[in-house]
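What the sequence shown shows, in full-length UniProt numbering, is residues 1 to 71, in sequence order. Glycine included, C-beta positions come from ideal geometry on N, C-alpha and C. Since this is a predicted model, take the numbers as computed values, not measurements.
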Amino acid sequence: VYDEPACITTDWSHTMTIVGYDTFNNGTTKQDYYNVKNSWGETWGWYGYIWMSRNKNNQCGIANWASYPLV
């Protein structure tokens, strides 16, 4: 799970799509995360995805410009 406390939350230069969320739990460690799809293709990250920490004070500004579709 990507967790960078020094990540800037006010200067954005890239947009990604949150496709889900969950909690990583291996029996000794628990960490909430977002499952995030990047636009750089499947060769980036884990087949184009990254787990970004969730509930960590707006890590990297992930909630600053959040939007969702209306159906």
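> Mapping DSSP to helix, strand and coil, what is residue 48?
Replying inline: Looking up residue 48 in the sequence shown gives position 48. The three-state reading of DSSP puts residue 48 in coil, since its state is none of H, G, I, E or B.
> Where does residue 41 fall in DSSP's three states?
Replying inline: What you label residue 41 is simply residue 41 of the sequence shown in a count that begins at 1. The answer is coil: DSSP assigns residue 41 none of H, G, I, E or B.
> Under 7 Å, do residue 37 and residue 49 count as touching if we go by C-beta distance?
Replying inline: On the sequence shown, residue 37 is found 37 positions in, with the first residue counted as 1. On the sequence shown, residue 49 is found 49 positions in, with the first residue counted as 1. Between residue 37 and residue 49, the CB-CB gap stays under 7 Å.
> When we look at the beta-carbon of residue 8 and count the other beta-carbons within 10 Å, is it buried (16 or more) or exposed?
Replying inline: Looking up residue 8 in the sequence shown gives position 8. Burial call: exposed.
> Since residue 61 contacts residue 10 with CB under 8 Å, what's their CB separation in whole angstroms?
Replying inline: Along the sequence shown, read from residue 1 onward, the residue named residue 61 stands at position 61. Along the sequence shown, read from residue 1 onward, the residue named residue 10 stands at position 10. That pair is a contact at about 6 Å.
>> Here's a check: name, in chain order, each residue in its chain whose Cβ is nearer than 6 Å to the Cβ of residue 20, leaving out the five neighbours to either side.
In response: Residue 20 sits at position 20 when you count from the first residue of the sequence shown. Correct list, in chain order: 35.
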